[in-house]
Ligand code: ADP
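Numbering (our numbering), first residue to last: 1 to 176.
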């Protein structure tokens, strides 16, 4: 089971997988960080699909996920999920919503025949979720899902910064 999970350091827009996940915001209209990088590299096809989703359901709620084309990216699809903004006074809710962002992205992946999927470190940038806690939640949620579902063959955690890369490596080294 462990070998279904891979950790790499780099830019998720370069990753060739059936789907890459975007740490979007509720508007789905793009933003900074990984969201900006995905829209820049993927081109206008992604934004056009986001507008269609907005017309249909008014955006994407925190913890939920929607799917668009991958546009010019090597990935076929982008799954946009919205992680929570970290809140010390509401930390249990934030943890729960972060787990939902991972599991709902995987659910959307399965609904669309995705077998390989790459995740960025959702909420650990502009949304300030503590990296160590976010990594524990991400790994636990993905493992739980992979145990229950055989369709997804590979999950790649794409870490941008050194700290996240080290955290994920140490969480996953023991079960590869
Ligand atoms: P959030 O608003 O969910 O915190 P951010 O985009 O600010 O989203 O950050 C999420 C994570 O994505 C951070 O760990 C950040 O370092 C990382 N990141 C930024 N650019 C990229 C990229 N091109 N590829 C992969 N990860 C990225």
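We put the beta carbon where it would ideally sit given N, CA and C, even for glycine. Given the structure is predicted, the values throughout are model-derived calculations rather than measurements.
Reduced DSSP category for residue i - H, G, I as helix; E, B as strand; rest coil
i           : result
residue 157 : strand
residue 119 : strand
residue 17  : coil
residue 169 : helix
residue 5   : strand
residue 129 : coil
residue 177 : Coverage of the chain is limited to positions 1 through 176, which leaves residue 177 absent and any answer about it impossible.
residue 176 : Here the model assigns residue 176 a pLDDT of 47, short of 50, so the residue's position is not dependable and the matter cannot be decided.
residue 10  : coil
residue 152 : coil
residue 108 : helix
residue 114 : coil
Inter-residue Cα distance where the pair is residue i and residue j
i           : j           : result
residue 157 : residue 131 : 13 Å
residue 7   : residue 169 : 7 Å
residue 59  : residue 134 : 24 Å
residue 56  : residue 26  : 14 Å
residue 127 : residue 86  : 6 Å
residue 17  : residue 137 : 22 Å
residue 62  : residue 21  : 14 Å
residue 121 : residue 111 : 22 Å
residue 64  : residue 172 : 26 Å
residue 115 : residue 161 : 26 Å
residue 82  : residue 66  : 9 Å
residue 88  : residue 163 : 21 Å
residue 5   : residue 118 : 10 Å
residue 11  : residue 92  : 30 Å
Min CB distance residue i to chain D below 8 Å
i          : result
residue 41 : Included in the structure is just one protein chain, with no chain D present.
If we count Cβ pairs, one from each stretch, closer than 8 Å, do we get three or more for the stretch 43-52 versus the stretch 92-109? no
Tell me, please, whether the stretch 60-76 touches the stretch 30-37 by the rule of three or more beta-carbon pairs shorter than 8 Å. no
Does the stretch 145-165 come within contact of the stretch 50-65, defined as at least 3 CB pairs closer than 8 Å? no
What are the uninterrupted segments assigned as beta strand (DSSP E) that are 3 or more residues long and contained completely in the stretch 21-86, given in chain order? 65-69 and 77-81
Between the stretch 92-99 and the stretch 33-42, can you find at least three pairs of beta-carbon atoms closer than 8 Å? no
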